[in-house]
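Read through the structure below, which is laid out as structure tokens, and then see the notes.
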Amino acid sequence: MTIHRKTKKQYLTICAFLVLAALFTTALSAAGLSGDQPRRIRFELRLASYEKMDGWKSVPGPYAAKTDIWISPEAALTNAELARAWPQPDGDGFSVGFLLTEEGALKLARLTKSHVGEFVALMLDGRVVSAPKIMAEITGGRAFIQGKLNEEEARSIAEGITVK
Amino acid sequence: MTDTDRSNYQSCLDGNLDRLLQLGEPTPRMPENLKAFIRSRLTEVGAKPESKNILSRKWAVWPLAATVMTALVLIVLWYGNSSKAVAWADVQERLEQVRTMTCMARIENSATAGNPITEMFKVYHQDPGLSRSELYVSDADIHIDEPRLKLISINRRKHDREELLRLFPGARRAEWETRIFRTNGRELHYAPAVDRAAVNWKLFNQITADKTRRIGERMINGVSAVGFEFDVPRQWYIDAFGKVRAQLWAGHDDGNVLFIEWNYRNALGQNVKTELSDIQWNAPLEANLFDLVVPDGWSIGRSETESAEYVNTGFVPGFILQIGPEGREPLVITGDVAGVVKGEQVTRPDTGIPSEVRITIQLKPEAVQRLRDYANANPDALIVADFNRQIKVVPSLTAADSSVLSFDLSVLDLSLAELEQRYFTTTIERKRP
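Here it is in structure tokens:
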């Protein structure tokens with residue numbers, strides 16, 4: 084009988100512990116502090132060229148063709164300049180929209196104003212995902228990473244590039 | 014002819030005849046009577062040179078005169094015929110009678126390096142304010158009964174409200190945009206954009222005849238057409254970055270518009286060419302073409318755009334605006350602002366997408382000139398606006414009207430209504446419909 088009572092007590096303790104653990108995990112998750120935080124993705128925007136440039140590094144270009152592209156040694160923008168990012172509906176797919184900080188917006192405006200007609204490489208974790216041509220000065224600090232993504236992919240990138 | 018001339022002429026003739034006879038005569042002697050005959054004939058001919066010349070000139074003049082007459086007749090006929098052709102006013106009158114329109118729209122966008130991107134649409138319009146465009150997956154789909162569609166856009170426009178539904182069949186996704194137009198003035202001056210989905214033929218009535226130029230005649234689908242060329246007011250286009258040149262071809266006899274083409278450069282520096290062809294006027298259209306219905310099982314993304322037009326509105330006392338090159342004395346200060354003229358806010362409820370908030374101000378002419386002079390002399394200098402010492406933003410100087418500047422103030426995280434309340438001298442009453 085004593086053994087039985089002990090076992091029952093142990094069961095109750097374990098159950099109570101499990102309930103508390105579940106509550107604690109739920110609370111952490113709700114607060115966004117769980118261990119399932121999105122993986123941080125390194126974001127960079129660099130000047131780029133499809134022609135060889137002295138001092139620039141050659142890396143595989145974007146899209147399926149994988150033509151090499153030369154990227155500037157300095158990153159004009161990094162994760163630090165991203166204020167917010169989100170999955171942005173884009174035609175029949177999604178892209179990643181982002182809004183820059185005040186300083187980031189000024190940097191992007193400076194860069195695009197003085198390099199109209201040139202290319203920029205949008206890079207995620209060191210890989211060029213798109214290399215659009217600068218058609219005009221970009222004011223407002225709002226831009227997109229396009230790449231025929233589905234909503235989940237776009238969300239995952241948006242969350243990853245804004246992890247502090 | 015004088016006697017001296019006649020004598021000189023005769024001696025010259027004799028000399029030439031003797032030389033001819035010496036050179037050309039194979040036999041030692043030519044009979045004198047033959048020489049005399051030739052001489053007399055030559056003398057006879059030489060005595061009437063004027064009449065011979067006159068005769069030959071006449072023969073030359075007749076064909077020339079005939080040609081000139083024919084040309085004159087043709088010119089008179091052409092002019093008379095042209096004068097009967099439709100005038101711009103006739104075209105406008107015909108457009109006033111239009112209630113429905115269908116056409117094919119071809120848009121060529123010379124985006125970046127490489128081949129231009131071409132898209133083909135079937136377009137439907139119906140008064141008042143209904144339009145629909147269908148974008149084909151490929152050109153091959155144009156001629157088949159059940160074409161594969163990449164995008165269907167349906168637009169229902171009222172005076173101060175517009176509903177735009179975009180359906181993407183491939184992704185089974187819909188985007189539903191509501192646009193609301195507000196003003197604190199007596200009336201809205203908003204003009205819908207003239208694009209593939211919302212061509213508004215009534216807008217062509219704003220083009221006066223003196224702003225058009227006849228560009229000739231040509232055949233379109235077997236119909237003789239008269240062409241007009243004119244510049245489209247840029248405010249019709251949201252993204253035009255320069256002159257918008259249009260050509261409109263109307264039936265020579267009835268003034269029905271047969272073909273429209275316009276070209277412009279957009280804000281991204283891309284050349285955009287739009288052609289409307291196979292235009293059918295006043296053909297009956299199925300009412301359900303314009304139904305705003307999302308098929309079952311599709312996902313829907315909603316957005317709301319609010320456009321506000323302000324009249325007699327400025328910044329509140331104490332507000333500070335400074336615009337100029339980075340790190341240098343401002344070229345424009347608060348006192349140079351003639352007024353706040355426009356505000357726009359795009360929100361996407363139920364998403365994490367931050368609102369876009371943009372305002373447009375109008376500057377006094379002398380301030381515009383200062384900015385323009387500086388920008389021309391220093392094309393690489395970045396012009397920055399210090400908005401009430403709260404945020405530095407780069408104004409957009411490429412608006413259709415050169416006296417206005419617009420700023421994206423999204424980073425402030427304030428709604429348009431909150432911006433009005435804090436910084437503007439007037440606010441717009443917002444009543445939810």
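Top line first, the protein sequences correspond to chains A and B. Take 84 as the starting number for the first sequence in the working numbering and just add one per residue. Take 14 as the starting number for the second sequence in the working numbering and just add one per residue. Yeah, the Cβ is synthetic: ideal placement off N, Cα and C, and Gly gets one too.
### Task
Show which residues of chain A have a CB atom less than 8 Å away from the CB atom of isoleucine 404(B).
The answer, in chain order, is Glu185.
### Task
Let me know if isoleucine 157(B) comes out buried or exposed under the rule of 16 or more other beta-carbons within 10 Å of its beta-carbon.
By the neighbour-count definition (other C-beta atoms within 10 Å, threshold 16), isoleucine 157(B) is an exposed residue.
### Query
threonine 347(B) CB to nearest chain A CB: under 8 Å?
Under the 8 Å criterion on CB atoms, threonine 347(B) is classed as non-interfacial with respect to chain A.
### Message
Strictly below 8 Å CB to CB, what residues from chain D border glutamine 171(A)?
### Response
Absent from the structure is chain D; the protein chains it does hold are A and B.
### Task
With 8 Å as the threshold, decide whether the Cβ of aspartate 386(B) is near any Cβ in chain A.
At a cut-off of 8 Å between C-beta atoms, aspartate 386(B) does not count as an interface residue with respect to chain A.
### Query
Starting from proline 170(A) and walking both ways along the beta strand (DSSP E), at which residues does that stretch end?
Run containing proline 170(A): 165-173, per the beta strand (DSSP E) assignment.
#### Entry: Three CB pairs or more closer than 8 Å across the stretch 166-181 of chain A and the stretch 399-406 of chain B
In short, these stretches do not touch, since the Cβ pair count stays below three.
### Query
Can you tell which of Gly230(A), Val211(A), Lys247(A), Ala241(A) has the C-alpha that lies nearest to the C-alpha of alanine 158(A)?
Distances from the alpha-carbon of alanine 158(A) to those of Gly230(A), Val211(A), Lys247(A), Ala241(A) put Val211(A) closest.
### Query
With 16 other CB atoms within 10 Å as the buried threshold, where does aspartate 208(B) fall?
Caution applies to aspartate 208(B), whose pLDDT of 47 falls short of 50 and renders its modelled position unreliable; the value that the coordinates give is listed next. Classification for aspartate 208(B): buried.
### Query
Residues bridged to isoleucine 193(B) by DSSP?
Isoleucine 193(B) is bridged to Arg174(B), Glu319(B).
### Cβ pair count under 8 Å reaching 3, the stretch 213-231 of chain B against the stretch 332-351 of chain B
Output reads no: the stretch 332-351 of chain B does not touch the stretch 213-231 of chain B.
### Inter-stretch contact (C-beta, 8 Å, three-pair minimum) for the stretch 129-147 of chain B and the stretch 317-326 of chain B
Output reads no: the stretch 317-326 of chain B does not touch the stretch 129-147 of chain B.
### Query
When the cut-off is 8 Å and only beta carbons count, does alanine 192(A) lie next to chain B?
Cβ-Cβ to chain B under 8 Å: yes for alanine 192(A).
### Query
What do you get for isoleucine 374(B), buried or exposed, if any count of 16 or more other CB atoms within 10 angstroms of its CB means buried?
Isoleucine 374(B) is buried by the Cβ-count criterion.
### Task
On a CA-only basis, which of Asp151(A), Pro170(A), Leu205(A), Ile154(A) is nearest glutamate 235(A)? Give me that one, please.
Cα-wise, what sits closest to glutamate 235(A) is Pro170(A).
### Query
Residue range of the beta strand (DSSP E) that alanine 204(A) falls in?
Residues 202-207.
### Same chain, Cβ closer than 6 Å to serine 239(A), five either side skipped, listed in chain order
There are no such residues.
### Task
Kindly give me the distance between the Cβ atoms of valine 136(B) and cysteine 116(B), rounded to whole angstroms, as I take these residues to be in contact under 8 Å.
Confirmed, Cβ separation roughly 5 Å.
### Within chain B, partners of lysine 196(A) - CB distance below 8 Å
Result: Asp393, Leu395.
### Query
Helix or strand or just coil, what does DSSP make of aspartate 291(B)?
Look at aspartate 291(B) here: in three-state DSSP terms it is strand.
### Query
Counting only beta-carbon atoms, is glutamine 382(B) nearer than 8 Å to chain A?
No, its Cβ sits nowhere closer than 8 Å to a Cβ of chain A.
### Query
Can valine 345(B) and serine 428(B) be called in contact, C-beta distance under 8 Å?
Cβ atoms of valine 345(B) and serine 428(B): not closer than 8 Å.
### Query
Going by beta carbon distance, what residues of the same chain come within less than 8 Å of tryptophan 311(B), once the five residues before and after it are set aside?
Same-chain partners within the cutoff: Leu180, Arg185, Arg186, Ala187.
#### Entry: Near-chain B residues of the stretch 128-155 of chain A - C-beta to any C-beta below 8 Å
Among the residues of the stretch 128-155 of chain A, none has a Cβ less than 8 Å away from any Cβ of chain B.
### Task
Can you tell me which of the three DSSP states tyrosine 387(B) falls into?
In the structure shown, tyrosine 387(B) adopts helical secondary structure according to DSSP, grouped into three states.
### Query
Who are the neighbours of leucine 189(A) on chain B, taking C-beta pairs under 9 Å?
By Cβ distance, chain B contributes Glu339, Leu395, Val397, Lys405, Val406, Val407.
#### Entry: Closer than 9 Å at the beta carbon, the chain A residues around aspartate 421(B)
The answer, in chain order, is Ala188, Thr222, Gly223, Gly224, Arg225.
#### Entry: Length of the line joining the Cα atoms of phenylalanine 177(A) and leucine 148(B)
About 19 Å.
### Query
Is it true that the CB of alanine 168(A) sits closer than 8 Å to the CB of threonine 222(A)?
For threonine 222(A) and alanine 168(A), no; Cβs fall outside 8 Å.
### Message
Between glutamate 379(B) and chain A, is the shortest Cβ-Cβ distance under 8 Å, so that the two count as touching?
### Response
Judged by the 8 Å Cβ criterion, glutamate 379(B) is not in contact with chain A.
### Query
Based on the DSSP output, what are the partners of lysine 135(B) in its beta bridges?
Met117(B), Glu147(B).
### Task
Per DSSP, which residues does aspartate 266(B) bridge with? Please list them.
For aspartate 266(B), which the question treats as bridged, DSSP gives no partner whatsoever.
### Message
Just to check my reading of the structure: methionine 206(A) and arginine 129(A) have Cβ atoms closer than 8 Å, yes? What is that Cβ distance to the nearest angstrom?
### Response
Methionine 206(A) to arginine 129(A), Cβ: 7 Å. Contact.
### Task
Reducing DSSP to helix, strand and coil, say where threonine 439(B) ends up.
In the structure shown, the three-state DSSP call for threonine 439(B) is coil.
### Message
Quick check: what's the CA-CA separation for glutamate 134(A) versus valine 142(A)?
### Response
Spanning the two alpha carbons is a distance of roughly 12 Å.
### Task
Give the interface partners of leucine 166(A) over in chain B, defined as CB-CB distance under 7 Å, in chain order.
According to the sequence provided, residue 166(A) is alanine. The question's leucine does not apply to it. Those are Val424, listed as they occur along chain B.
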